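Each number in the numbering used here comes from the position in the sequence shown (counting from 1) with 59 added on.
Worksheet for the structure shown next.
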Amino acid sequence: MKLNNVICQINKTGFGLLVVASLALVGCGGGGGDSGGAGTPSGLYNVPLTGVGATGNYTMTTTRTSSGVTQNGVTVANVALPATQALFCSDAAVHAAVTASIGFMGTLNVTGCTFSGVTGQVSMMIDLGIGQGYTTPGSVNFSYAATPAASNPGITGVTPSGSGIGTSVTITGTNFRQGSGGILSGDAYRVSFNGATATPNGRTLTQLAVIVPAGATTGALTVTDLITNQVYNVPGGFMVTGQPSQTFIAIPANGVFTAAANNVAVDFADITGAVVTVNATDIIFDITLRNLPATFTFNQPNVPLNQREYEWAVDFDINNDSLQDYSLSLSSFKSTDQPGSPVSTPIVQPLLKGKYQVNVWNKNNYLVGASASVTGNTIRLSVPKSAHTALLNITPAAMVNINTWYRSDSTTLVTDSI
Numbered sequence: 060m061k062l063n064n065v066i067c068q069i070n071k072t073g074f075g076l077l078v079v080a081s082l083a084l085v086g087c088g089g090g091g092g093d094s095g096g097a098g099t100p101s102g103l104y105n106v107p108l109t110g111v112g113a114t115g116n117y118t119m120t121t122t123r124t125s126s127g128v129t130q131n132g133v134t135v136a137n138v139a140l141p142a143t144q145a146l147f148c149s150d151a152a153v154h155a156a157v158t159a160s161i162g163f164m165g166t167l168n169v170t171g172c173t174f175s176g177v178t179g180q181v182s183m184m185i186d187l188g189i190g191q192g193y194t195t196p197g198s199v200n201f202s203y204a205a206t207p208a209a210s211n212p213g214i215t216g217v218t219p220s221g222s223g224i225g226t227s228v229t230i231t232g233t234n235f236r237q238g239s240g241g242i243l244s245g246d247a248y249r250v251s252f253n254g255a256t257a258t259p260n261g262r263t264l265t266q267l268a269v270i271v272p273a274g275a276t277t278g279a280l281t282v283t284d285l286i287t288n289q290v291y292n293v294p295g296g297f298m299v300t301g302q303p304s305q306t307f308i309a310i311p312a313n314g315v316f317t318a319a320a321n322n323v324a325v326d327f328a329d330i331t332g333a334v335v336t337v338n339a340t341d342i343i344f345d346i347t348l349r350n351l352p353a354t355f356t357f358n359q360p361n362v363p364l365n366q367r368e369y370e371w372a373v374d375f376d377i378n379n380d381s382l383q384d385y386s387l388s389l390s391s392f393k394s395t396d397q398p399g400s401p402v403s404t405p406i407v408q409p410l411l412k413g414k415y416q417v418n419v420w421n422k423n424n425y426l427v428g429a430s431a432s433v434t435g436n437t438i439r440l441s442v443p444k445s446a447h448t449a450l451l452n453i454t455p456a457a458m459v460n461i462n463t464w465y466r467s468d469s470t471t472l473v474t475d476s477i
């Protein structure tokens, strides 16, 4: 019985939304043969299985081919891929199918299996010893096919059903797609407020949190699954009730702003001063509060999931239309990523996922990450303009609004601004 050589070279081809990574097993050793012949010895071989496709349901197909042996292919459908992909890596059905497809070639062990978002690599240790008196392994072909699966979120509504531009709303449903990232990873979806789009800034299996973007008007509210391009209507649409009061002022030549102290009840939301520095290379924002406590309480019981608990921000209006074009902010959203309820913790570096997020936003859509540090009662946020070309639009001529946000246990909203 003559068997082909083991193939070790990976060839990958993609076809639109259906992406197939073919692992062609060629050129790994000498010519095959029966027991005692020359060739690749029996043993464990690390075969990387790489697939690029949409997070969803996958089909695993494995085939064994060799001279005189009929091709044996097995497909495992509907293998759900969770956010970590760990269940896929240990899925008994996948392993059984691979082993069955290989036939009499022995055992299958997964030694390392990780994914990131919709791309990744599975490393499998496969015993290529064929048994039955043969020591030269036959050739094995693997195909990993990814077809985007509809998430069918079953959207039921939005809360509140109407609010102003710049406010946060929650879209409810079931089975929202889970992907890479944490609290600010609504990147699998796009929300349209009668044509004005925004990326969700929070997501669970049953909720999407999104900020009503500039340009939103009363009318249809839709959610687009960016993996499948399916569009879902939110029943009842959405009513835009008007833009919240926000006053933009020019940046002084020295960048220094002063503010009246003790005009709000919460000391860490009470702005006493700020400095905004915009130059050719950097954007730096220093905000000084009446007092910054040693710890902050996250996951407060009466704050809705995915809603802001804390925020310190400077908003930029670059074309003098009294609308926010960019925002540099340090924010905290109530999240399932936060352990327990409530939890007290200081502002620490690096800022923890699911707690504080330091970002630059472009009309309420995530643009790029930024940095934060705390000295005494002053928080510094900074970002180099080299981080994103859009930041070059922010110049010393921009108008600014400096503001704070705090939602307490009693759901009382405390804000301050310059």
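In this text, a Cβ means the ideal position worked out from N, Cα and C, and glycines have one as well.
The structure displayed is predicted, hence computed values, not measured ones.
Could you tell me which residues DSSP pairs with residue i in its beta bridges?
i, result
"residue 251", "256, 281"
"residue 344", "335, 440"
"residue 370", "390, 464"
"residue 431", "440"
Helix, strand or coil for residue i per DSSP?
i, result
"residue 426", "strand"
"residue 202", "Residue confidence is low: residue 202 scores 41 on pLDDT, short of 50, so the model does not pin down where it sits. Its coordinate-derived value is still stated next. Three-state DSSP puts residue 202 in a strand."
"residue 472", "strand"
"residue 181", "With a pLDDT of only 43 at residue 181, under the threshold of 50, the placement of this residue in the model should not be trusted; the figure read from the coordinates follows. Here residue 181 sits in strand by DSSP."
"residue 326", "helix"
"residue 381", "coil"
"residue 352", "coil"
"residue 115", "Confidence at residue 115 is low in this model, with a pLDDT of 43, below 50, so its placement is unreliable and the value that follows should be read with caution. Three-state result, residue 115: coil."
"residue 446", "helix"
How many Å lie between residue i and residue j at the Cα?
i, j, result
"residue 369", "residue 390", "6 Å"
"residue 327", "residue 458", "24 Å"
"residue 170", "residue 260", "With a pLDDT of 42 at residue 170, under the threshold of 50, the modelled position of that residue is not reliable, and the figure given next carries that caveat. Going from the Cα of residue 170 to the Cα of residue 260 covers about 35 Å."
"residue 419", "residue 429", "7 Å"
"residue 215", "residue 225", "23 Å"
"residue 444", "residue 223", "30 Å"
"residue 264", "residue 217", "15 Å"
"residue 325", "residue 406", "17 Å"
"residue 354", "residue 288", "43 Å"
"residue 333", "residue 351", "15 Å"
"residue 329", "residue 230", "31 Å"
Use the C-beta contact count for residue i: other C-beta atoms within 10 angstroms, 16 or more gives buried, fewer gives exposed.
i, result
"residue 308", "exposed"
"residue 290", "exposed"
"residue 232", "buried"
"residue 55", "Residue 55 lies beyond the residue range present for the chain, which begins at 60 and ends at 477; the question has no answer from this structure."
"residue 340", "exposed"
"residue 431", "buried"
"residue 376", "buried"
"residue 161", "In this predicted model, residue 161 has a pLDDT of only 49, less than 50, meaning its place in the structure is not dependable; the value taken from the coordinates is given anyway. Flag for residue 161 reads buried."
"residue 384", "buried"
"residue 321", "exposed"
"residue 347", "buried"
"residue 381", "exposed"
If you follow the beta strand (DSSP E) that residue i is part of, which residue opens it and which one closes it?
i, result
"residue 266", "266-270"
"residue 357", "355-357"
"residue 232", "Run containing residue 232: none; DSSP gives neither H nor E here."
"residue 316", "315-317"
"residue 216", "216-218"
"residue 402", "402-404"
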